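Working notes, structure below.
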Amino acid sequence: MAETLMFNALREAIDEEMARDETVFVLGEDVGHYGGSYKVTKDLYQKYGELRVLDTPIAENSFTGMAVGAAMTGLRPIIEGMNMGFLLLAFNQIANNAGMLRYTSGGNFKIPMVIRGPGGVGRQLGAEHSQRLEAYFQAVPGLKIVACSTAYNAKGLLKSAIRDDNPVLFFEHVLLYNLKEDLPNHEYLVPLDKAEVVRPGKDVTILTYSRMRHHVMQAVKGLVAKGIDPEVIDLISLKPLDFATIGASIQKTHRVIIVEECMKTGGIGAEIIASINDQYFDELDAPVVRLSSQDIPTPYNGKLESLTIVQPKQIETAVEHMVALRV
Amino acid sequence: MVQERTLPQFQAPAAQISAEEGLMLYEDMVLGRFFEDKCAEMYYRGKMFGFVHLYNGQEAVSTGVIKALRHDDYVCSTYRDHVHALSAGVPAQNVMAELFGKETGCSRGRGGSMHLFSSEHNLLGGFAFIGEGIPVALGAAFQSRYRRDALGQADADQVTACFFGDGTTNNGQFFECLNMAALWNLPILFVVENNKWAIGMAHERATSQPEIYRKASVFGMPGVEVDGMDVLAVRTAAQTAIARARAGEGPTLIECLTYRFRGHSLADPDELRSKVEKETWLARDPIKRFEVYLLENNLVDEDTLRGIRDRVQTLIDDALTFAEESPEPSPDDLYKYIFAES
Ligand SMILES: Cc1ncc(C[n+]2csc(CCOP(=O)(O)OP(=O)(O)O)c2C)c(N)n1
Ligand SMILES: [Mg+2]
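Rendered as structure tokens:
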């Protein structure tokens with residue numbers, strides 16, 4: 002076991018996969034000489050050369066399309082979005098070409114590529130650098146969307162994403178890069194399509210992902226002290242959703258709270274609620290509750306910013322209310 | 003009325019082609035023309051749907067460039083892609099079947115007119131949005147360089163030809179990709195088919211520098227202006243650019259001055275282009291012109307040319323029968339091809 006910071010866990014994943022498969026390469030802004038804005042690709046260009054760790058001009062849509070073309074012709078690109086928000090400029094290439102081209106081509110081409118990088122609300126980074134694009138991208142057919150949340154799952158998931166033959170949007174969170182964890186010395190993979198049961202429980206199912214997992218776990222401490230036994234599920238895969246795991250939990254607890262960092266309107270939670278209503282309505286003892294970020298551009302002011310995202314105390318209160326329905 | 007640009011002079015006899023080469027080029031252009039005429043007929047008879055953009059008039063560009071490529075080179079097109087696909091070797095019957103939405107289509111009926119693909123023929127698409135094929139083509143070219151220089155595969159000398167229109171050169175992806183292609187010395191040809199119009203937007207109303215080939219110079223890239231109605235002029239320019247690219251000397255921008263003989267798509271009433279302009283360009287028909295060249299230089303006789311035209315017409319009639327008789331995709335396969343199974 003080796004204590005590893007999350008950004009290094011991601012770096013190890015890339016390093017191991019580049020060593021294993023010579024068609025794997027990294028491209029993006031400042032990934033080479035600079036080592037990535039969060040040091041995920043630090044020094045890799047020295048080991049693999051400048052073509053395999055390619056510093057690109059600031060041209061998000063075009064270098065994303067270039068990665069699609071490289072993937073269609075047999076390479077396995079990993080794009081680093083310096084900040085995932087910048088990928089708004091690459092929306093066309095991600096949606097039309099990464100997402101839809103395999104289908105439109107009638108299976109002529111596959112597009113094995115990973116688009117990874119930091120997103121989420123950080124510390125007073127302002128609206129444009131605090132975006133959660135997962136909700137914007139979830140409607141695009143053909144994309145897999147994954148969010149990592151610990152050093153352990155970050156490494157195992159990224160390795161699986163690189164080996165997957167489809168385009169994977171891989172969300173990291175700006176505030177999680179320095180999480181520390183003992184990682185196995187042996188190689189391991191974490192499957193892309195399986196939610197993680199973080200804490201089994203029987204009273205209520207809490208569905209969450211990325212940084213909000215940690216807010217949830219803080220809330221759980223208080224809840225357990227009050228004799229409440231929540232089941233916490235980290236979705237991991239935001240598309241497709243792992244309804245086998247989610248469904249099994251609902252059948253056990255009959256109550257669901259969703260805690261997410263994306264905005265409420267058209268969010269991941271909105272999609273989950275719709276699917277639960279389709280498939281598990283009869284199992285529910287209470288309406289599904291969702292705690293989401295406010296529907297506003299993330300404000301710079303620290304107090305306003307903390308009011309924008311869901312805080313542990315709110316989660317605790319919401320769970321208490323829901324459990325109280327039982328009596 | 004805006005004055006016509008003077009077409010660059012090209013001394014055709016200097017091209018020194020054999021009869022065999024001449025016939026191959028002629029047949030490819032005729033194939034393109036007859037195929038598109040059949041599409042128009044089928045569209046107006048209600049057998050073909052969606053937006054259908056025909057290539058009539060521009061055949062010298064597709065034939066001139068693609069027939070100078072090797073089979074393992076890559077071709078990247080736009081929504082005006084039928085004839086590029088044919089030149090690249092995709093059988094007419096599979097292109098026609100695609101337009102009929104059939105399972106035997108080159109994109110298995112999932113793509114349609116604007117999304118022709120064939121991995122077997124290294125046809126990268128078929129892109130319906132302006133400019134979005136250019137980065138994809140750049141990626142294929144990057145891949146060749148990656149294999150050669152990062153992986154040391156000496157035989158990785160494939161070249162990519164990327165086609166797009168005049169209107170598309172005002173889009174950022176054009177400039178971004180010219181920059182990266184020159185920066186990384188990628189084996190790619192940017193082939194602009196300047197047909198003077200982007201739907202109803204006249205080229206000189208859309209751009210501050212109408213001479214597109216000049217835009218290459220700011221990236222330190224060769225830019226050449228070619229008479230796009232002369233298949234030998236296009237072919238000669240393409241051969242030079244391909245040789246450079248294959249030798250690792252980087253990209254070239256080729257601006258082909260050409261014209262579409264039909265409306266933007268089959269749904270376009272084509273009311274903006276003047277009669278004089280259309281007649282001027284119709285008189286430059288690349289197929290008729292090449293016929294004259296072949297006959298005047300005693301490379302072939304009229305009977306041979308007629309024989310080719312008859313053969314192509316039969317091929318297209320057969321393609322039509324094939325398309326009509328082919329099955330539609332099964333409803334059970336609605337979700338097939340969303341994801342690749344690893
Ligand atoms: C991103 C995008 N915007 C607009 C369109 C609509 N559109 C289709 S073709 C076209 C004109 C393109 O002209 P040009 O690049 O000169 O090519 P041509 O059609 O003349 O071959 C436009 C505006 C589109 N397909 N994609
Ligand atoms: Mg045009």
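Those protein sequence lines, which keep their order, are chains A and B.
Note that this note's numbering has the first sequence beginning at 2, numbered continuously upward.
Note that this note's numbering has the second sequence beginning at 3, numbered continuously upward.
Glycine included, every Cβ here is placed at the ideal spot set by N, Cα and C.
Keep in mind that this is a model prediction, so the values were computed, not measured.
C-alpha gap between Thr242 (chain B) and Arg47 (chain B), whole angstroms:
43 Å
Thinking just about the alpha-carbon of each residue, which of A:Lys314, A:Gly100, A:Pro231 is nearest to the one in Ile258 (chain A)?
A:Pro231
Grouping DSSP H, G and I as helix and E and B as strand, with all else coil, what is Val138 (chain B)?
helix
Which residues in chain A sit within 7 Å of Leu126 (chain B), going by Cβ to Cβ distance?
Gly70, Met73
If you measure from each residue's Cβ to the nearest non-hydrogen atom of ligand 2, which ones come out under 6 Å, in chain order?
B:Gly167, B:Asp168, B:Gly169, B:Asn197, B:Trp199, B:Ala200
Thinking just about the alpha-carbon of each residue, which of A:His34, A:Tyr39, A:Gln219, A:Ala68 is nearest to the one in Ala142 (chain B)?
A:Ala68
Could you confirm whether any beta carbon from chain B is found closer than 8 Å to the beta carbon of Pro300 (chain A)?
no
Step through the CB atoms of chain E and report whether any lies within less than 8 Å of the CB of Tyr189 (chain A).
Of the chains in the structure shown, none is chain E; the protein chains are A and B.
Residue ranges of each alpha helix (DSSP H) run of no fewer than 4 residues wholly in the segment 246 to 327 of chain A, ordered along the chain?
269 to 281, 303 to 309, 313 to 325
Would you say Phe102 (chain B) reaches chain A, if we count a Cβ-Cβ gap shorter than 8 Å as a contact?
no
Would you report the Cα separation of Val302 (chain B) and Leu284 (chain B), rounded to the nearest angstrom?
24 Å
Which runs of the alpha helix (DSSP H) fall wholly inside the segment 42 to 71 of chain A and span at least 4 residues, in chain order?
45 to 49
Following a CB-centred definition, is Arg7 (chain B) positioned closer than 7 Å to any heavy atom of ligand 3?
By its list of ligands, the structure shown excludes ligand 3, since it contains just ligand 1 and ligand 2.
Just how far apart, CA to CA, sit His86 (chain B) and Leu297 (chain B)?
26 Å
Across which residues does DSSP place Ile256 (chain B) in a beta bridge pair?
B:Val193, B:Val226
Kindly indicate which three-state DSSP category Phe138 (chain A) falls into: helix, strand or coil?
helix
May I ask you to report which of helix, strand or coil DSSP gives Asp287 (chain B)?
coil
Around the Cβ of Asn179 (chain A), are there at least 16 other Cβ atoms within 10 angstroms (buried) or fewer (exposed)?
exposed
Please list, in chain order, the chain A residues whose beta carbon lies closer than 7 Å to that of Tyr215 (chain B).
Near Tyr215 (chain B) there are no residues of chain A at all, since even the closest Cβ is about 21 Å away, more than 7 Å.
For Lys111 (chain A), return the contacting residues in chain B, with the cut-off set at a CB-CB distance below 7 Å.
Ala342
At a cut-off of 7 Å, would you count Glu135 (chain A) as near ligand 1, judging by its Cβ distance to the nearest heavy atom?
no
Only counting the same chain, and skipping five residues up and downstream in sequence, which positions put a Cβ closer than 7 Å to that of Lys40 (chain A)?
Phe8
Would you please verify whether the beta carbon of Ala94 (chain B) is less than 8 Å from any beta carbon of chain A?
no
Label His205 (chain B) either buried or exposed according to how many other C-beta atoms from any shown protein chain fall within 10 Å of its C-beta, with 16 as the threshold for buried.
buried
Which value, in whole angstroms, describes the spacing of the CA atoms of Val328 (chain A) and Asp204 (chain A)?
Here Val328 (chain A) scores only 46 on pLDDT, less than 50, and its place in the model should not be relied on; the value that follows carries that caveat. So the two alpha carbons sit approximately 12 Å from each other.
How about Arg82 (chain B): is its Cβ closer than 7 Å to a heavy atom in ligand 1?
yes
At a cut-off of 7 Å, would you count Phe37 (chain B) as near ligand 1, judging by its Cβ distance to the nearest heavy atom?
no
Distance cutoff 8 Å, beta carbons only. Does Val328 (chain A) sit that close to anything in chain B?
For Val328 (chain A), the predicted structure reports a pLDDT of 46, less than 50, and the residue's modelled location is therefore unreliable. A value from the coordinates is still provided. No, its Cβ sits nowhere closer than 8 Å to a Cβ of chain B.
Examine ligand 1 and report whether any of its heavy atoms sits within less than 7 Å of the Cβ of His266 (chain B).
yes
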